[in-house]
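Some notes on the structure that comes next.
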Amino acid sequence: MKRLISTSLYLIILLVCVGCQWSNESGNDLIIVDVTINYPKKELILQDFMDVEYIPLETNDKFVCGGLVMACGSKYLVVRNRNSDGNIYIFDRSGKGISKINCKGNSGEEYVYIHNILLDEEREEIFVNDMSKKKILVYDLAGNFQRDIMYRDDVKYSNIVNLDTDNFICWNSSFEGNLYAIEASSFYVVSKSDGTILKEIDISKEKRTRTALLSYDEKTKLTSGIFNTPNTIHCFRNRVLLNEPSSDTIYWYSLKEGLKPYIVRIPSIHTMNPEVFLYSEILTDKYEFMRTYEKTLNGGETDLVYDKQQKAVFRYVLYNDNYTNKKRMGMRGTNVNDEIAFYESLESFDLIKAYEKNILKGELKKIASKLNEEDNPVIMLIKHKK
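Each residue of the sequence shown is one higher than the one before, counting from 126 in our numbering.
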């Protein structure tokens, strides 16, 4: 009976929201996404709605990297290797190597594993989030240790994103291992200077829902899992989008205005078996990109896009127009800032093969013509049109 009342209440709230026509930052109504619908297909060309910049990373004996971009700003790129060797490379926006950092170790001023990195260009600092140590280590761009920020005992910072000059916002994923932590806040605003939690952002949820699919082997006594982690925080146009997987609503957030509903998924995540999650992806002026994920062994996914002009949801196929053979790509990731939506790493040997097949166009073709197979990757910045 309690579950029936809760579900009925959710539907009433949803109808009220639709009737009141909540408005969001872009002037659209509340977006409703039915995760059970097979939406019509829409083809998109990246360059029709985004600008693209290609940055070939400098390659020399000191700067040989795997090209996994961790952060990007107006002046710097922060890159690491795809293994866990601890190397962090700082490049300027032209791709010239600035510094190489490796502070991997077990001392109090070192990290064991790099989960994600936040770049603060004003302070010229990087914040290395090490979930295994439950702390964030802060270094200058030369790799000199500045300070550390300890997690609160009951919080695990899975994502850290710049909120403003003095603070970052992070997602608390500690309840992935504790589904009974219904009262725990999902997001925290934290001071960059000393780690003080300035605000806890509570997202309404009926109960906690684990995104990982876990299984326990009685013989080996080991737990294994299939993980499909959402991008829970996106920065766009002076606001932050918050996507708590256990909630049926995705919210805009700002320090001044607080939470504002933006996207509602139906049916409720708590009524589905297997669960189908709705994850927010890249936000642009024309489109809101999303995906659904079914929590099963096969882990089925569907890429979705909301067209702001048509006010409709579609399955999408996206092509990069710098390839003549209609190369497909996805709009998945975390929004970087108001200039850069997201980034991709293009391997040099793949670009050379594409060049030899004569399937490249424009700036990318020109860059590929000068590459060697052992060169560092070319970083593709997907930027909002001015």
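The beta carbon of each residue, even a glycine, is placed where N, CA and C say it ideally should be. Predicted, not measured: the structure shown is a model, and the values here were computed from it.
In the three-state reduction of the DSSP assignment, GLU481 falls in the helix class, which pools H, G and I. If you keep only unbroken beta strand (DSSP E) runs of at least 3 residues inside the region 217-303, you get 222-227, 241-245, 250-255, 260-265, 270-275, 282-287, 292-297. Secondary structure note for ALA466: its beta strand (DSSP E) is the uninterrupted segment 465-471. DSSP, read as helix, strand or coil, puts LYS491 in helix. Here the alpha carbon of LEU202 sits roughly 9 Å from the alpha carbon of SER219. Taking ILE180 as reference, the option from LYS478, PRO370, SER473 with the minimal CA-CA separation is SER473. If the five residues before and after PRO370 are omitted, its C-beta is found closer than 8 Å to the C-beta atoms of THR334, THR336, PRO355, THR357, ILE394, PHE402, TYR404, all from its own chain and listed in chain order. Here GLU413 is buried, its C-beta having at least 16 other C-beta atoms within 10 Å.
Under the three-state reduction of DSSP output, ILE157 falls in the strand class. For SER372, the closest C-alpha among the options LYS451, MET256, LYS330, THR161 is that of LYS330. In this structure, ASP210 keeps its C-beta atom at 8 Å or more from the C-beta atom of VAL237.
If you keep only unbroken beta strand (DSSP E) runs of at least 3 residues inside the region 319-396, you get 322-326, 338-342, 347-351, 358-361, 364-367, 374-379, 383-391. Between the alpha carbons of TYR480 and GLN172 lies a distance of about 20 Å.
ASN501 sits away from VAL194, with the two beta carbons spaced by 8 Å or more.
Taken atom to atom, the span from the alpha-carbon of VAL253 to that of GLU400 is near 33 Å. Annotated three-state conformation of PHE188 is coil, per DSSP. Counting along the chain, the unbroken alpha helix (DSSP H) around ASP173 starts and ends at 171-174. For TYR448, no beta strand (DSSP E) segment is defined, and its DSSP state is neither H nor E. When the Cα atoms are used, GLU235 and LEU262 turn out to be separated by approximately 7 Å. The alpha-carbon of THR427 is positioned some 22 Å away from that of LEU339. When only Cα atoms are considered, THR417 and GLU406 end up about 10 Å apart. Here ASP446 has ILE170, GLN172 as same chain residues with Cβ atoms under 6 Å from its own Cβ, once five neighbours each way along the sequence are excluded. In its chain, beyond the 5 residues on either side, LEU339, SER340, TYR341, ASP342 have a beta carbon closer than 8 Å to the beta carbon of THR348. LYS229 and PHE352 have their C-alpha atoms roughly 25 Å apart. DSSP, reduced to helix, strand and coil, places LEU476 within a helical segment of the structure shown. Cβ-Cβ separation between ARG457 and VAL442: approximately 14 Å, too far for a contact (criterion under 8 Å).
Taking the C-beta atoms as reference points, SER310 is found no nearer than 8 Å to ILE285. Rounded to whole angstroms, the gap between the alpha carbons of TYR214 and ARG440 is 37 Å.
Residue ILE294 holds the alpha-carbon nearest to the alpha-carbon of TYR276 among ALA267, LYS491, ALA196, ILE294.
Spatial neighbours of GLU183 in its own chain (CB-CB distance under 8 Å, excluding positions within 5 residues in sequence) are listed in chain order as PHE216, GLY220, LYS221, GLY222, ASN501. Taken through DSSP and simplified to helix, strand or coil, ASN212 comes out as strand. Bridge partners of LEU422 according to DSSP: none are assigned. Comparing alpha-carbon positions, the option among SER298, ILE242, ARG272, ASP410 lying closest to ALA466 turns out to be ASP410. In terms of Cβ geometry, GLU168 and LYS508 do not form a close pair [threshold 8 Å].
In summary, GLY192 is buried, with 16 or more beta-carbon neighbours lying within 10 Å of its beta-carbon over all protein chains present. Inclusion of TYR448 and ILE484 in the CB contact set at 8 Å is warranted, their separation being smaller than that value.
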